[in-house]
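These protein sequences, in sequence, are chains A and B. Taking the working numbering, the leading residue of the first sequence gets 1, the next gets one more, and so forth. Taking the working numbering, the leading residue of the second sequence gets 1001, the next gets one more, and so forth.
2 protein chains.
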Amino acid sequence: MGSYLQRLQYRVLVRPEDMPPSQDGFEVIGTFNPGATVLDGSVVLLVRVAERPICRPGWVGLPRWTHGRLVTDWLPQDQVKWIDPRAVRLRSTGQVRLTFASHLRTCRSADGLSVDRWDESRFIPELPWEEYGVEDPRITWLDDRFWITYVAVSRFGVATALASTKDFRSYERHGIIFAPENKDVVLLPERIRGRFVAVHRPALATRLGPPGMWLAWSEDLKSWGQHEPLQWAREAWESARTGAGPPPLRTESGWLLLYHGVTPGKRPDDVGQYRAGALLLSHENPGRILRRTCHPILAPELPCEQQGFVPDVVFPTGLVDRGATLLVYYGAADTSTAVVEWSRSELEGALEAVESAPSNKGEPA
Amino acid sequence: MGSYLQRLQYRVLVRPEDMPPSQDGFEVIGTFNPGATVLDGSVVLLVRVAERPICRPGWVGLPRWTHGRLVTDWLPQDQVKWIDPRAVRLRSTGQVRLTFASHLRTCRSADGLSVDRWDESRFIPELPWEEYGVEDPRITWLDDRFWITYVAVSRFGVATALASTKDFRSYERHGIIFAPENKDVVLLPERIRGRFVAVHRPALATRLGPPGMWLAWSEDLKSWGQHEPLQWAREAWESARTGAGPPPLRTESGWLLLYHGVTPGKRPDDVGQYRAGALLLSHENPGRILRRTCHPILAPELPCEQQGFVPDVVFPTGLVDRGATLLVYYGAADTSTAVVEWSRSELEGALEAVESAPSNKGEPA
């Protein structure tokens, strides 16, 4: 498998066809980008479930959540222009709509490599800024509960919100923590000098530079400030975009942060290839990058990664520490949930020293 | 002057030709979008000064600040594509660069209608995320000092940062408070239920809806959370974009918030027409809009507003309360600083009741 990390084990855990839709008239097109953690000795996955209305010839159905239910705005096909598989533009107003709407469901796995059971409870859109879906959860254990950062999509844009739970059965919402457009937000699992730390990824409306990851600090997880650029694309394979994967993992030598990098697409409707890399951040100052993988360590190689709703995507969002190995949970082609097991020492060996601290700041290509 | 508010008095206060450049080889092209406040009985204006390198035929000079000085990256003309007067795109990388770089200078006015003197001190870019300029300051008196929200532009995007001062001679920086892309951030001049409130305007990379204003809350002015949509375009004249003007003013009936609204341009290089409107927000819950001006109250009517670096722009950024009248300081055509005096009762008469509270949330066009 090329120069990528060896896949010690590999499984597709959840496929859309495994999942019943929320309501009649809809179909599940994606079960992907799962948050992952461990509770009572089992792996818990919080899986993004994307649904769309079943096709009516000549019409485009644009789903949204309202009052706890999925509804569809149907438009004649000639009134929309497709941007890519994920989105259309309304010819009347120029507004962009998603072609699917997502919510989150929970499953448990004793061995981390197969799904034992699905919970009844779901995390569904409830607020105006969640109407087009809740997406891509990341889970961090902090202060006696699980904190979930998730993407909230609506006519107001793509923001990141915070929720917490003790059991993945009931959730408390804590509002939007990063205003639009911001996604791929992960929390460090420990306070640094008394404060919480997040990695986030603002999207740039003006292309003053390549989109990259930022750091922010908080006293209470709900209000964030002291934003600073952390990482930007340095390599061709990540030049279109980078964003955090799972929450950082404490290792002996620093915080291990997996991230995705995107190669620019060749056509306007081609979203590019999503691969994964890793950074090692300083324990005391997570704004300092100590080591990084110059080459991608995971790439779309298997059919379920190369073909699907959005082809050529691996998108890691969950990480479970097994000591000598790591289980990495990821979305494959915006369609399925998969897991890969890596040797920790092989991953650590792929991390190359970053030349000098100053080059970490202010000097993107 | 049409249906706009009557201009009781009107003056152009600062023109680019009044201002010497920072360094040899540069010219001042804009002195505009001033923050305004009152100190020791005088109006203080913190004026954005935009400079660009003096033209070399066949070359495009792109300025940036580094180590306290303006430097220029010179590119052959055929290596860039003009987007509009403000920005070019590098053909090599697709990166966008501003054609000017801004810093801030302070002047004082006893009567508010003429400039008495300029201070020596300047507020210049010092940090990596300020390299392309510091722009569009808004000033709020809170807790015994002036707080300045300003736009920080760099290869990392367009963010809003916070600084404070007691005298406009020395400044303390408090970091980026709203990550890219976010500008037009204003602070309420009082705590609400013990917390600070900001109005901000995230820019959307994906056009899921029209860009509008949001509210956020803070315990310390430096970390912000609980972001909620506040206002979005409802009228044609503001349909391309809205953003806060000066910090809100407490009035008997609520918080008066002036804002700018932009009409879409007719060509790709036409940034549209910037006009101004006003909102009245609930004292206790500034997320609730009580009244609004359906029609613009200030528009580019005079030559200096219709012609300049960016034609057809009025952009209010400062407000001084004179009791029966208001002095509104604004940028004209991204070129000059002007002031207009309005009757407060005429402005209040232009505010129309908003039908019902629920329509304030979740129902943009």
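Cβ coordinates follow ideal geometry from the N, Cα and C atoms, glycine included.
Query, Result
"So, at 7 Å on beta carbons, what are the nonlocal neighbours of S3 of chain A in its own chain, with the 5 sequence-adjacent residues on each side left out?", "H295"
"Expressed to the nearest angstrom, what Euclidean distance is found between the alpha-carbon atoms of V1060 of chain B and R1097 of chain B?", "11 Å"
"By the 10 Å Cβ neighbour count, where 16 or more other Cβ atoms means buried, how is P1020 of chain B classified, buried or exposed?", "exposed"
"Looking at the secondary structure, which residues open and close the beta strand (DSSP E) in which G318 of chain A lies?", "314–321"
"Under a CB-based cut-off of 9 Å, is R89 of chain A close to chain B?", "yes"
"Between the alpha carbons of D1073 of chain B and L215 of chain A, how many angstroms are there, rounded?", "29 Å"
"Which residues, in order along the segment 1151–1163 of chain B, keep a beta-carbon less than 8 Å from a beta-carbon of chain A?", "V1153, S1154, R1155, F1156, G1157, V1158, A1159"
"At a Cβ cut of 9 Å, what residues of the segment 221–233 of chain A count as close to chain B, listed as they run along the chain?", "L221, K222, S223, W224, G225, Q226, H227, E228, P229, W232"
"Going along the chain, which residues of the segment 1194–1208 of chain B sit with their C-beta nearer than 8 Å to a C-beta in chain A?", "H1200, P1202, A1203, L1204, A1205, T1206, R1207, L1208"
"Any idea which residues DSSP pairs V134 of chain A with across the strands?", "A:A152"
"Is there a C-beta anywhere in chain A that falls below 9 Å from the one on S1218 of chain B?", "yes"
"If you count every other CB in all the chains shown that lies within 10 Å of the CB of S102 of chain A, and 16 or more means buried, which is it?", "buried"
"Beta strand (DSSP E) containing P180 of chain A: first to last residue?", "Where P180 of chain A is concerned, there is no enclosing beta strand (DSSP E), given that its DSSP letter is neither H nor E."
"Label I148 of chain A either buried or exposed according to how many other C-beta atoms from any shown protein chain fall within 10 Å of its C-beta, with 16 as the threshold for buried.", "buried"
"The alpha helix (DSSP H) with S1223 of chain B in it runs from where to where?", "Premise fails: S1223 of chain B lies in the beta strand (DSSP E), 1223–1231, not in any alpha helix (DSSP H)."
"Do L1104 of chain B and P1137 of chain B come within 9 Å of each other at the CB atom, strictly closer than that value?", "yes"
"L208 of chain A lies in the beta strand (DSSP E); which residues open and close that run?", "First-last for L208 of chain A: undefined, no H or E at that position."
"Per DSSP, which residues does H283 of chain A bridge with? Please list them.", "H283 of chain A pairs with nothing; no bridge assigned."
"Taking the alpha-carbon positions, what's the E228 of chain A to A198 of chain A distance?", "11 Å"
"I need the straight-line Cα distance from W82 of chain A to R56 of chain A, nearest angstrom please.", "16 Å"
"Report the residues of the segment 1317–1349 of chain B with a CB closer than 7 Å to any CB of chain A, ordered along the chain.", "none"
"By how many angstroms is the C-alpha of R89 of chain A removed from the C-alpha of V80 of chain A?", "6 Å"
"If we count the other Cβ atoms within 10 Å of its Cβ and call it buried at 16 or more, is A324 of chain A buried or exposed?", "exposed"
"Below 7 Å on C-beta distance, what does N182 of chain A contact in chain B?", "A1179"
"At what residues does the beta strand (DSSP E) containing Q1306 of chain B begin and finish?", "Q1306 of chain B -> not in any beta strand (DSSP E); alpha helix (DSSP H) instead, spanning 1303–1306."
"Taking only beta carbons into account, state which residues of the segment 71–95 of chain A come closer than 7 Å to chain B, listed in chain order.", "G94, Q95"
"So with CB distances below 8 Å, who are the chain B contacts of G265 of chain A?", "Chain B residues near G265 of chain A: none, gap ~13 Å exceeds 8 Å."
"Excluding five sequence neighbours on each side, which residues of the same chain lie with their C-beta closer than 6 Å to the C-beta of E363 of chain A?", "Residue placement at E363 of chain A is flagged as unreliable, the pLDDT there being 41, under the threshold of 50; the coordinate-derived value follows with that caveat. The answer is none, since no qualifying residue turns up."
"Give me the Cα-Cα distance between E1352 of chain B and Q1009 of chain B, rounded to the nearest whole angstrom.", "25 Å"
"Measuring only between beta-carbons, confirm whether P21 of chain A sits less than 9 Å from chain B.", "no"
"So, at 6 Å on beta carbons, what are the nonlocal neighbours of I124 of chain A in its own chain, with the 5 sequence-adjacent residues on each side left out?", "H103"
"Against chain B, does W147 of chain A count as a neighbour if the rule is that its beta carbon must be under 9 Å from one of theirs?", "no"
"Do the segment 297–305 of chain A and the segment 281–288 of chain A make contact, defined as three or more Cβ pairs closer than 8 Å?", "no"
"Go through its chain and collect everything with a Cβ distance to Q1006 of chain B's Cβ below 6 Å, but skip five positions before and after it.", "none"
"For A338 of chain A, which option in A:V158, A:W129, A:L113 has the closest C-alpha, if you only look at C-alpha atoms?", "A:L113"
"Going by the beta-carbon positions, is the gap between L1290 of chain B and S1253 of chain B smaller than 9 Å?", "yes"
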